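Trainee: Have a look at the structure that comes next, please.
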Amino acid sequence: RARPDPRSSCVFVVRKDQDIYIQTLRKLFNESHGIFIGLQRSEEEFAGKSRKTQLVQVSKNYRSVIRACMEDMHQAAVSARDPALHSQYSTQVSILSAMELIWNLCEILFVEAAVAGPLLLRLLDWVRLHVCDVDNMVREVLSSENPSKHELFWNVVDVFVLQGRMDEARHLLSKEASANPTSVNMCRILDDLMKKMPVPSLGNTQTLTEMELKWQHWHEECQRYLQDGTFASNSHMESICKILLGDENAILEKKELMTTWYHFLVTRLLYSHPTVKPMELRFYAQSSMDLFLGGESSPEPLDTILMAAFEFELHQVIKECSIALSNWWFVAHLTDLLDHCKLLQSHNLYFGSNMREFLLLEYASGLFSHYSLWQLGVDYFDHCPEYGRVYLELHIERIPLNTEQKALKVLRICEQRQMHEQVRSICKIMAMKALRNNRLGSALSWSIRAKDAAFATLISDRFLKDYCEKGCFSDLDLIDNLGPSMLLSDRLTFLGKYREFHRLYGEKRFSEAAKLLLMLMTAHIAPCSFWMTLLTDALPLLEQKEVIFSAEQTYELMRCLEDLTAGKSDKQKFQDDDVETMKVEMLRLALARNLARVIVKEGTLEGS
Amino acid sequence: DGTSCVSVCARCLAKSDGVISIQDNRISIWSVGDLGNVGLNGEYQGEPQLLCDIRHNGDVMDMQFLDQERIVVASSTGNVTIFRHHQNNQTLSANQRWEKAHYHVDRDASCGGAACTGVICSNPEIVTVGEDGRINLFRADQKDAVRTIDNADSSTLHAVTFLRTTEILTVNSIGQLKIWDLRQQRNEPSQIFSLTGDRVPLHCVDRHPNQQHIVATGGQDGMLSIWDIRQGTMPVSLLNAHEAEMWEVHFHPSNPDHLFTCSEDGSLWHWDTSTSVSEKPSFLHQGGRSTTYFSHNTINQSVVSAWLSNDPTKDRMEITNLIPNQTLSVNSLDILGPCLVYGTDAEAIYVNRHLFA
Numbered sequence: 001r002a003r004p005d006p007r008s009s010c011v012f013v014v015r016k017d018q019d020i021y022i023q024t025l026r027k028l029f030n031e032s033h034g035i036f037i038g039l040q041r042s043e044e045e046f047a048g049k050s051r052k053t054q055l056v057q058v059s060k061n062y063r064s065v066i067r068a069c070m071e072d073m074h075q076a077a078v079s080a081r082d083p084a085l086h087s088q089y090s091t092q093v094s095i096l097s098a099m100e101l102i103w104n105l106c107e108i109l110f111v112e113a114a115v116a117g118p119l120l121l122r123l124l125d126w127v128r129l130h131v132c133d134v135d136n137m138v139r140e141v142l143s144s145e146n147p148s149k150h151e152l153f154w155n156v157v158d159v160f161v162l163q164g165r166m167d168e169a170r171h172l173l174s175k176e177a178s179a180n181p182t183s184v185n186m187c188r189i190l191d192d193l194m195k196k197m198p199v200p201s202l203g204n205t206q207t208l209t210e211m212e213l214k215w216q217h218w219h220e221e222c223q224r225y226l227q228d229g230t231f232a233s234n235s236h237m238e239s240i241c242k243i244l245l246g247d248e249n250a251i252l253e254k255k256e257l258m259t260t261w262y263h264f265l266v267t268r269l270l271y272s273h274p275t276v277k278p279m280e281l282r283f284y285a286q287s288s289m290d291l292f293l294g295g296e297s298s299p300e301p302l303d304t305i306l307m308a309a310f311e312f313e314l315h316q317v318i319k320e321c322s323i324a325l326s327n328w329w330f331v332a333h334l335t336d337l338l339d340h341c342k343l344l345q346s347h348n349l350y351f352g353s354n355m356r357e358f359l360l361l362e363y364a365s366g367l368f369s370h371y372s373l374w375q376l377g378v379d380y381f382d383h384c385p386e387y388g389r390v391y392l393e394l395h396i397e398r399i400p401l402n403t404e405q406k407a408l409k410v411l412r413i414c415e416q417r418q419m420h421e422q423v424r425s426i427c428k429i430m431a432m433k434a435l436r437n438n439r440l441g442s443a444l445s446w447s448i449r450a451k452d453a454a455f456a457t458l459i460s461d462r463f464l465k466d467y468c469e470k471g472c473f474s475d476l477d478l479i480d481n482l483g484p485s486m487l488l489s490d491r492l493t494f495l496g497k498y499r500e501f502h503r504l505y506g507e508k509r510f511s512e513a514a515k516l517l518l519m520l521m522t523a524h525i526a527p528c529s530f531w532m533t534l535l536t537d538a539l540p541l542l543e544q545k546e547v548i549f550s551a552e553q554t555y556e557l558m559r560c561l562e563d564l565t566a567g568k569s570d571k572q573k574f575q576d577d578d579v580e581t582m583k584v585e586m587l588r589l590a591l592a593r594n595l596a597r598v599i600v601k602e603g604t605l606e607g608s
Numbered sequence: 001d002g003t004s005c006v007s008v009c010a011r012c013l014a015k016s017d018g019v020i021s022i023q024d025n026r027i028s029i030w031s032v033g034d035l036g037n038v039g040l041n042g043e044y045q046g047e048p049q050l051l052c053d054i055r056h057n058g059d060v061m062d063m064q065f066l067d068q069e070r071i072v073v074a075s076s077t078g079n080v081t082i083f084r085h086h087q088n089n090q091t092l093s094a095n096q097r098w099e100k101a102h103y104h105v106d107r108d109a110s111c112g113g114a115a116c117t118g119v120i121c122s123n124p125e126i127v128t129v130g131e132d133g134r135i136n137l138f139r140a141d142q143k144d145a146v147r148t149i150d151n152a153d154s155s156t157l158h159a160v161t162f163l164r165t166t167e168i169l170t171v172n173s174i175g176q177l178k179i180w181d182l183r184q185q186r187n188e189p190s191q192i193f194s195l196t197g198d199r200v201p202l203h204c205v206d207r208h209p210n211q212q213h214i215v216a217t218g219g220q221d222g223m224l225s226i227w228d229i230r231q232g233t234m235p236v237s238l239l240n241a242h243e244a245e246m247w248e249v250h251f252h253p254s255n256p257d258h259l260f261t262c263s264e265d266g267s268l269w270h271w272d273t274s275t276s277v278s279e280k281p282s283f284l285h286q287g288g289r290s291t292t293y294f295s296h297n298t299i300n301q302s303v304v305s306a307w308l309s310n311d312p313t314k315d316r317m318e319i320t321n322l323i324p325n326q327t328l329s330v331n332s333l334d335i336l337g338p339c340l341v342y343g344t345d346a347e348a349i350y351v352n353r354h355l356f357a
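This is the structure:
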C-alpha cells in the first residue's frame, strides 16, 4: 500500500468501502461472524486428528456461507431491473465464486493437508465443482433423444474423461455401442479400461505402493491397445485412449473443454501421476500453466493466487488476495483459520503485530463505518490481543448515538470491558443532549449510570435555577422520587431535601419543616448561594402566630444571617440594591421578634 | 441495530431491521406457514419466507399489529406510521403517518424529532410514548392526536401497555412505573410506583392477561420485577435474571403461567410457574441454565396466581435459557400459541414452533 509523499501536494479522494453496504453481503458478514466466534471459543479441547476434523468443518462452514451468499446475489442479479445494479451483482457473484474457489483449494492443501492419494481425489472434486462452463453442453446432450447422434456427443464424453468421471463416460459409451454396431468391440475394450482404472482410495484399503503398482500395469495395458491400433478407426476413441495414457498433447487438444490451466493440471496428474505428493504440486502447476497459456496470455490475479497456493507459499497467497480483493473479509477470516491450524509463523510485521491480527484489525475497522455491522466488529477486536482494545476504544467513541437504545448498547459493551473513560464520556454526551432538550430526568438518569457527581450537581443547579425563576418546582415526579440516587452529589441531596421542606410546609408540619430548613444550612448541605433563599423561606415560619423556632434555633438562624452578610465585602454591600437590603432588614426584624417571643415562651412556666 | 422488533399475528411475522441509518431500514413480512403443521418428527417445515418489505425512515423502535392487516410502527425520527399489508398482491404500503409525534423543544427544526420508543394498540386506539417524555393517544384514521400529554415524564418513557381499556402503564428511565387514566383530563399519573434502592431504568412492561393487577417489568440491570398494583408502591418480587438490559417481557397470552424475557446479553429466558417441581419430569430441562427461585413476598394475601404466591413448597419456578449459543443481543420477542419468534442483533430472526413440546 502506497504511502502519500508528504512533499507532494495532492488531493486524495477518499471513499467508504462500498461492499459493506450491499444488502446480500451482510448475510456473509453476520454468519461468518458466528463461525469466527465459534472458532475462537473452541479451545484446543481436541488434539491431533479430531482437531483437524474440527478445523476442516469450520472451513466448510465458511464456504457454505460464501455459496449461500452467491445464491442470493445471483437471485438479486437476475431480478434486478436496473442494468447498473445487475452488473454490480453479477460482478459480486464472480468475486464470490473466485473466493470460494481459492478457499476450497486452501482447505484441501492447508487445512486438511491432504496427503498423496486423497490429494488427487480432493483436487478432482474441486475441479468438478468449479469448472461449470460445460454444464449446459452436458445437459443438452444427455437430454436429447439420441445422445450418440448429437454433434457434441464426443465432447461430453471427453469432458467426463478429463474430469475423471468414469462411470458417466462409460454410460455414454454404452449408448454409442448400442447405436453403432461397428464400434461395439472398441467400446467394450475402452469401457473395460475405464472400469479397471486404479484410483487412490480415501480409506486405508491400499497403500500407495500397491496403488502405484496396479496403476503401472493398467498403464501398460492401455499402451498395448494403443500401439496395436485397436482404436485406429475411431479418432475420438483413440484420443481418449491417449488421454488415459496421460499424453499431454492429447489432453491439451481439449483446451476449450477444460477452460482453465488448473483443470489441465489436475487432469494431467490424474493420468500421469495419481499418487502425486503435495510438495510436488508446484512443479506440475508451473508447467501446466505455461503449457496451457502457451505464451498467448499472461496470468490473471486469480491464477497468481492459485499458483502461490500450489507452491505452498501461504504468505504470498494472503498478500495476493489482499491486493486483488476489495475488502478484507476474505483474507481476515482465511488467515485466522490458517493461524488456528498453526501454519503461520508469527513473524512480526514492522509495526509489531502479526499478520492475523493486522488483517482482523483492518476488517473490523471497516465494519465500524457501517451503521449496524459495528457490533460484529467489537467481537473481532476482542480477539486481537495486541491492539484490539486500543482500536475498540477509539472506534467505539465515534459511533453516532441517535437513540438512547443505541447509546445503551454501546455503554454495555464499554462496561463489560472496563472501559471507564468511554463510559463517562458517552454518558456525559447523552446527559448534555438531554439537558439541552430540557429532559432533566433523562439527564439525571445518565449521570447516575456514569456515577457522575459533577453532572448531577449541574442538573440540580438547573432545577434550583428554575425554581428561583418560576417560584415552583418543575418535574416534581423526579425530585420527589429520587431515592438513594440523591446521595450521588451534595447538590442533589440538597435539592431532594429542599423539596421535602416544601412538602412538609405544604402539609403544615411546621416544626419538622423548620428543623429541616435549619439543618440544611447548619450541616452545609445547602450551597452558600442559596442561603438567602432559605432564610427568606424561613420568614413565613417566623411570622406564624405560633412560635415555631426555638431560642436555640433562632440564634442559629441569626448566626447564619450574619455569616452571610459578613461574607460580603463593603463594595458588594454598596452594590446591593434596595431589595436585598430590605430583605436583610426584614429578616433581622423577624428574627428579633421571634427571639423575643420564644424567650418569653420558654421562660414561662407551664401552668399545672 | 440488527433486528429490533418482531410482532406475531397469526400466520405472519413482521420483522424489521432496526438499524440507524439514512439508508436501508426495512419493515418485512415473513410467512412461517401453518402454525399447526408439524412434520413427522415434530420439526418445523422449512424456513420463513419473505413475502414483502418496505423502506422505513429511521430506526424501528417498536411495532405492533393493529389488526390482521395493519401494523403500527414507531420510528426513531419521532414519526408513527401505520402500514397496511395487502395480502392479495403481497405488498406493504404506508397507510397513515403522524409526523413528529414525538419531538424535543422545537418541532420544526430538522433534528427536532425525538425517538418514539413504545407503541401499544387496541383497535382503533393507539398509544405512543417517546424520549421526549410525551404520551400520545391516536385513533386510526383520525389525522390529529386525540390527546397529548406533554412532559408527562421528565425522563425518557421506554414502554407502554394497556392496563384496562382506559388506563395505561408506562415505565421510564428513572425506574418508575406509572398508571395513567386517560379518561381524566389532568396531566398527572394516577399512581406512581418505583423500585426500591437505585433508580434503575425500566425498559419493558407487560400485564398479566387474565389478572390485571399483576404487572411485570424489566430493568437495565436485567432484573425482572413483578408488581401487584392493587397494593403498595414497590414490587412484590425482584428476580435476578439477565446480565444486561432486559429489552422485552411478555406473558404468554393464553398460557399466562409462562413468561418470556429477552436481553442484551443474548439470552432468552422462559419462566415457568405452571407446575411444581415434583410433577415436571427433569428431562424436559433442555440446554441453558435451569434454576429455581423463590419469590419474596411479605404481603399477606390469598392470591391464586403463582406469580404472587409466597408458599415455599408451591412456588418453584422453572427458568430455561432457550438460546444455546448466545452471541449478540436478543432485541425483541413475541409469542402466539406454541410459536415463539425472536430477533437478534446478528440480523437474524428465529422461529420456534414447538414451545411446549
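Which chain is which? The protein sequence lines are H and Y, in order. The first sequence begins at 1 in full-length UniProt numbering and counts up one residue at a time. The second sequence begins at 1 in full-length UniProt numbering and counts up one residue at a time. A virtual CB, placed ideally from N, CA and C, is assigned to each residue, including glycine. Keep in mind that this is a model prediction, so the values were computed, not measured.
(1) Quick check on K342 of chain H: buried or exposed, where buried means 16 or more other Cβ atoms within 10 Å of its Cβ?
(2) How far does the beta strand (DSSP E) with G366 of chain H in it extend, from its first residue to its last?
(3) Tell me whether the beta-carbon of V119 of chain Y lies closer than 8 Å to the beta-carbon of Q176 of chain Y.
(4) Tell me D181 of chain Y's beta-bridge partners as DSSP assigns them.
(5) Going by C-alpha to C-alpha distance, which of H:S79, H:L314, H:E397 and H:F368 sits closest to D339 of chain H?
(6) Rounding to the nearest angstrom, what Cα-Cα distance links I179 of chain Y and I149 of chain Y in this structure?
(7) Given a threshold of 16 other Cβ atoms within 10 Å of its Cβ, counted over all protein chains shown, does G567 of chain H qualify as buried or as exposed?
(8) Using CA coordinates, which residue listed in H:E210, H:E546, H:C560 and H:K583 is at the minimum distance from V600 of chain H?
(9) From the beta carbon of A159 of chain Y, is the nearest beta carbon of chain H less than 8 Å away?
(10) Any beta carbon from chain H within less than 8 Å of H296 of chain Y's own beta carbon?
(11) Using a Cβ-Cβ cut-off of less than 8 Å, list which residues of the segment 474-504 of chain H approach chain Y; keep chain order.
(12) Out of Y:D153, Y:A152 and Y:N123, which has the shortest C-alpha to C-alpha gap to R139 of chain Y?
(13) In the DSSP assignment, the beta strand (DSSP E) including H56 of chain Y goes from what residue to what residue?
(14) Since V105 of chain Y meets chain H, which of its residues come closer than 9 Å, beta carbon to beta carbon?
(15) Thinking C-alpha only, which one of H:L495, H:K433 and H:S489 is nearest F463 of chain H?
(16) So if I threshold CB-CB distances at 8 Å, which residues from the segment 389-404 of chain H count as touching chain Y?
(17) Do L476 of chain H and L492 of chain H have their beta-carbon atoms positioned less than 8 Å apart in this structure?
(18) Among Y:V351, Y:C262, Y:I226 and Y:T81, whose alpha-carbon lies nearest the alpha-carbon of E243 of chain Y?
(19) For H158 of chain Y versus P201 of chain Y, is the C-beta distance shorter than 8 Å?
(20) Please tell me whether A169 of chain H and M197 of chain H are closer than 8 Å, where the distance is taken between their beta carbons.
(21) Locate the beta strand (DSSP E) running through V184 of chain H, then write down its first and last residues.
(22) Please report whether the beta-carbon of M234 of chain Y lies at a distance below 8 Å from any beta-carbon of chain H.
(23) With 16 other CB atoms within 10 Å as the buried threshold, where does D132 of chain Y fall?
(24) Give the DSSP-derived three-state secondary structure of K15 of chain Y in the structure shown.
(25) Mind reading off the beta-carbon distance from I319 of chain Y to W269 of chain Y? Whole number of angstroms is fine, and I expect it under 8 Å.
(26) State buried or exposed for S190 of chain Y, treating a residue as buried only when at least 16 other CB atoms are found within 10 Å of its CB.
(27) Residue ranges of each alpha helix (DSSP H) run of no fewer than 4 residues wholly in the segment 235-278 of chain H, ordered along the chain?
(28) Do you know how far the Cα of R499 of chain H is from the Cα of T581 of chain H?
(29) Under 8 Å Cβ-Cβ, which residues of chain H neighbour M61 of chain Y?
(30) What number of angstroms, rounded off, separates the C-alpha of S282 of chain Y from the C-alpha of G218 of chain Y?
(31) Cβ closer than 9 Å: which chain H residues qualify as neighbours of S254 of chain Y?
(32) Since W271 of chain Y sits in a beta bridge, which residues does DSSP pair it with?
(33) How would you write the range of the beta strand (DSSP E) that T128 of chain Y sits in, first residue to last?
(34) Comparing the C-beta of L360 of chain H with each C-beta of chain Y, is any distance below 8 Å?
(35) What did DSSP end up calling M234 of chain Y once you bin it into helix, strand or coil?
(36) Can you list, in chain order, the residues of the segment 408-429 of chain H whose Cβ is nearer than 7 Å to any Cβ on chain Y?
Mentor: Reading off the structure:
(1) For the purposes of this step, residue 342 of chain H is identified with residue 342 of the first sequence, where counting begins at 1. Looking at its Cβ environment, which holds fewer than 16 other Cβ atoms inside 10 Å, K342 of chain H is exposed.
(2) Against the first sequence, residue 366 of chain H aligns to sequence position 366. First-last for G366 of chain H: M355 to F368, but that is the alpha helix (DSSP H), not the beta strand (DSSP E).
(3) Residue 119 of chain Y sits at position 119 when you count from the first residue of the second sequence. Residue 176 of chain Y sits at position 176 when you count from the first residue of the second sequence. Cβ distance not < 8 Å, so V119 of chain Y and Q176 of chain Y don't count as in contact.
(4) To locate residue 181 of chain Y, count along the second sequence from 1; it is residue 181. When DSSP reads this structure, D181 of chain Y sits in a beta bridge with Y:E167.
(5) Your numbering for residue 339 of chain H matches position 339 in the first sequence. Closest by alpha carbon: H:L314.
(6) In the second sequence, the residue the question calls residue 179 of chain Y occupies position 179. In the second sequence, the residue the question calls residue 149 of chain Y occupies position 149. If you take the alpha carbons of I179 of chain Y and I149 of chain Y, they lie about 13 Å apart.
(7) For the purposes of this step, residue 567 of chain H is identified with residue 567 of the first sequence, where counting begins at 1. By the 10 Å Cβ count, G567 of chain H comes out exposed.
(8) As a working note, residue 600 of chain H is residue 600 in the first sequence. Nearest option by C-alpha distance: H:E546.
(9) The residue labelled residue 159 of chain Y in the question sits at position 159 within the second sequence. No, no contact with chain H.
(10) As a working note, residue 296 of chain Y is residue 296 in the second sequence. Low confidence applies here, because H296 of chain Y scores a pLDDT of 36, under 50, leaving its location unreliable and the question unanswered by this model.
(11) S474, D475, D477, L478, N481, L482, G483, P484 and S485
(12) Taking the first residue of the second sequence as 1, we reach residue 139 of chain Y at position 139. The option with the nearest alpha carbon to R139 of chain Y is Y:N123.
(13) Taking the first residue of the second sequence as position 1, residue 56 of chain Y is located at position 56. That run of the beta strand (DSSP E) goes Q49 to H56.
(14) On the second sequence, residue 105 of chain Y is found 105 positions in, with the first residue counted as 1. Chain H residues near V105 of chain Y: R436, N437 and N438.
(15) To locate residue 463 of chain H, count along the first sequence from 1; it is residue 463. Per the Cα distances, H:L495.
(16) Within the segment 389-404 of chain H, the qualifying residues are P400, N402, T403 and E404.
(17) Counting from one through the first sequence, the residue named residue 492 of chain H turns up at place 492. Counting from one through the first sequence, the residue named residue 476 of chain H turns up at place 476. No, these two residues do not count as a Cβ contact at 8 Å.
(18) In the second sequence, residue 243 of chain Y corresponds to position 243, counting from 1. Of the candidates Y:V351, Y:C262, Y:I226 and Y:T81, the one whose C-alpha sits nearest the C-alpha of E243 of chain Y is Y:C262.
(19) Position 158 of the second sequence, counted from the first residue, corresponds to residue 158 of chain Y. Position 201 of the second sequence, counted from the first residue, corresponds to residue 201 of chain Y. Yes, these two residues count as a Cβ contact at 8 Å.
(20) Locating residue 169 of chain H in the first sequence gives position 169, counting from the first residue. Locating residue 197 of chain H in the first sequence gives position 197, counting from the first residue. Not closer than 8 Å, so no.
(21) Residue 184 of chain H sits at position 184 when you count from the first residue of the first sequence. Unbroken run through V184 of chain H is the alpha helix (DSSP H), V184 to K196; no beta strand (DSSP E).
(22) As a first step, residue 234 of chain Y is located in the second sequence; it is residue number 234 there, counting from the start. Not closer than 8 Å to any Cβ of chain H, the Cβ of M234 of chain Y fails to qualify, so no.
(23) The residue labelled residue 132 of chain Y in the question sits at position 132 within the second sequence. Under the 10 Å beta carbon count, D132 of chain Y is surrounded by 16 or more other beta carbons and is classified as buried.
(24) The residue given as residue 15 of chain Y occupies position 15 in the second sequence. Confidence is the limiting factor: at K15 of chain Y the pLDDT is only 42, short of 50, which leaves the residue's position unreliable and the question unanswerable from this model.
(25) For the purposes of this step, residue 319 of chain Y is identified with residue 319 of the second sequence, where counting begins at 1. For the purposes of this step, residue 269 of chain Y is identified with residue 269 of the second sequence, where counting begins at 1. About 6 Å separates the two Cβ atoms, so the contact holds.
(26) Numbered from its first residue, the second sequence carries residue 190 of chain Y at position 190. Classification for S190 of chain Y: exposed.
(27) 235-244, 248-253, 255-258 and 261-272
(28) By one-based count along the first sequence, residue 581 of chain H stands at place 581. By one-based count along the first sequence, residue 499 of chain H stands at place 499. Between T581 of chain H and R499 of chain H, the C-alpha separation is close to 27 Å.
(29) Here residue 61 of chain Y corresponds to residue number 61 of the second sequence, with the count starting at 1. Simply T403 and Q405.
(30) Mapped onto the second sequence, residue 282 of chain Y falls at position 282. Mapped onto the second sequence, residue 218 of chain Y falls at position 218. For S282 of chain Y, the pLDDT reaches just 37, beneath the cut-off of 50, and the residue's location in the model is therefore unreliable, although a value from the coordinates is still provided. So the alpha carbons of these two residues sit roughly 28 Å apart.
(31) Locating residue 254 of chain Y in the second sequence gives position 254, counting from the first residue. Correct list: empty, because the minimum Cβ distance to chain H is about 30 Å.
(32) Counted from its first residue, the second sequence places residue 271 of chain Y at position 271. Answer by DSSP bridge pairing, in chain order: Y:L259 and Y:I319.
(33) Position 128 of the second sequence holds residue 128 of chain Y. Where T128 of chain Y is concerned, the enclosing beta strand (DSSP E) stretches over E125 to G130.
(34) Position 360 of the first sequence holds residue 360 of chain H. By this cut-off, L360 of chain H is not an interface position.
(35) As a working mapping, residue 234 of chain Y is identified with position 234 in the second sequence. If DSSP states are grouped into helix, strand and coil, M234 of chain Y belongs with coil.
(36) Here the close residues are L408, K409 and R412.
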